[in-house]
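Inspection log for the structure reproduced underneath, given as structure tokens.
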Amino acid sequence: MWKFIKPSHANLRVWQVGLLVAIFVIWHVATKPGLIPPIMFQNDLQAAFFFGEPLKVFARIWAWFITNGDIYQHLWVTLLETVLAFGLGTALGLGCGLWLALSPMAAAIAEPYIKALDSMPRVILAPIFAVWFGLGIASKVAPGVTLVFFIVFFNVYQGVKEVSPVILANARMLGASQKQLLRHVYLP
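Quick note on the numbering used here: the sequence shown kicks off at 6 and runs consecutively.
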């Protein structure tokens, strides 16, 4: 008896399912009008409105995914925005990282500004992008681009700066052009 009560690897799934069931039971009891007296709210309907009744929430999710299928159009738009932001941010970060790593003068000029832009919280950029680009797809892609750009930029910039001088000297000695250095030394 006591071995079952104490969590172990053998009954881990039972404890996990039990916790999930307990959370749903507490949620149901706390939001079902009339089951418990109001504690945080003036009447029990406010709790149901604030937290949502679990059976109604699950019915709505079922309708979104199975019955009506309304959610798939919105998921497609979100996926498109995510892929666009990732692609643009990666391309811009790769290009700028390579450019600044391979031209020290441009890096010396732009480095403080890039670090200042990176330190800016991305949350404050969202309303600015909404004003600049409107409420279309561009205002949702732009914050994603800023997130991806700096991650890719700093990784590419630091990676190119840390390429071994011995490898560069060996490639140049073998007659590698700047394009070949870029393709076979810097990018890998």
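Ideal placement from N, C-alpha and C gives every residue a C-beta, glycine not left out.
| task | Compute the Euclidean distance between the alpha carbons of Lys3 and Leu17, then round it to the nearest angstrom. | result | Examination of residue 3 is not possible in this model, given that the chain is present from 6 through 193 alone.
| Helix, strand or coil at His14 [DSSP, three-state] | Residue numbering aside, residue 14 sits at position 9 when the sequence shown is read from its first letter. Coil at His14, not helix or strand.
| So Val62 is in the alpha helix (DSSP H); what residue range does that whole segment cover? | In the sequence shown, residue 62 corresponds to position 57, counting from 1. Note, Val62: alpha helix (DSSP H), 59–67.
| For Leu105, does the count of other Cβ atoms within 10 angstroms reach 16, so buried, or fall short, so exposed? | The count along the sequence shown starts at 1 and reaches residue 105 at position 100. The residue in question, Leu105, is buried, as its Cβ has 16 or more Cβ neighbours within 10 Å.
| Per-residue DSSP class, three states only, for Ser108 | Translated into positions along the sequence shown, residue 108 becomes position 103. Here Ser108 sits in coil by DSSP.
| Which same chain residues, not among the five before or five after Leu97, have their C-beta less than 6 angstroms away from its C-beta? | Within the sequence shown, numbered from 1, the residue matching residue 97 stands at position 92. Excluding residues within five positions, the ones whose Cβ falls inside 6 angstroms are Phe154.
| field | Helix, strand or coil at Gly141 according to DSSP, with G and I counted as helix | value | Within the sequence shown, numbered from 1, the residue matching residue 141 stands at position 136. The answer is coil: DSSP assigns Gly141 none of H, G, I, E or B.
| Residue closest to Val150, alpha-carbon to alpha-carbon, out of Lys166, Leu130, Val165 | Reading the sequence shown from its first residue, position 145 is the one you call residue 150. Of the listed residues, the one whose Cα sits closest to Val150 is Leu130.
| field | Ala181 - DSSP class collapsed to helix/strand/coil | value | As a first step, residue 181 is located in the sequence shown; it is residue number 176 there, counting from the start. Looking at Ala181 - three-state DSSP - the assignment turns out to be coil, as it is neither helix nor strand.
| request: Give the single residue among Phe56, Lys166, Val136, Val88 whose Cα lies nearest to the Cα of Thr36. | output: Numbered from its first residue, the sequence shown carries residue 36 at position 31. Relative to the Cα of Thr36, the nearest Cα in the group Phe56, Lys166, Val136, Val88 belongs to Phe56.
| message | Tell me the DSSP secondary structure of Asn175 in three-state form. | response | By one-based count along the sequence shown, residue 175 stands at place 170. Helix at Asn175.
| task | Could you say if the region 166–186 and the region 113–127 meet the contact criterion of at least three C-beta pairs nearer than 8 angstroms? | result | Here the region 166–186 does not lie against the region 113–127, with fewer than 3 beta-carbon pairs under 8 angstroms apart.
| request: From the DSSP output, in three-state form, read off Leu192 for me. | output: Reading the sequence shown from its first residue, position 187 is the one you call residue 192. It is coil, neither helix nor strand.
| task | Rank Phe159, Asp75, Val88 by C-alpha distance to the C-alpha of Lys120 and give the top, closest one. | result | Indexing the sequence shown from 1 puts residue 120 at position 115. Among Phe159, Asp75, Val88, the Cα nearest to that of Lys120 is on Phe159.
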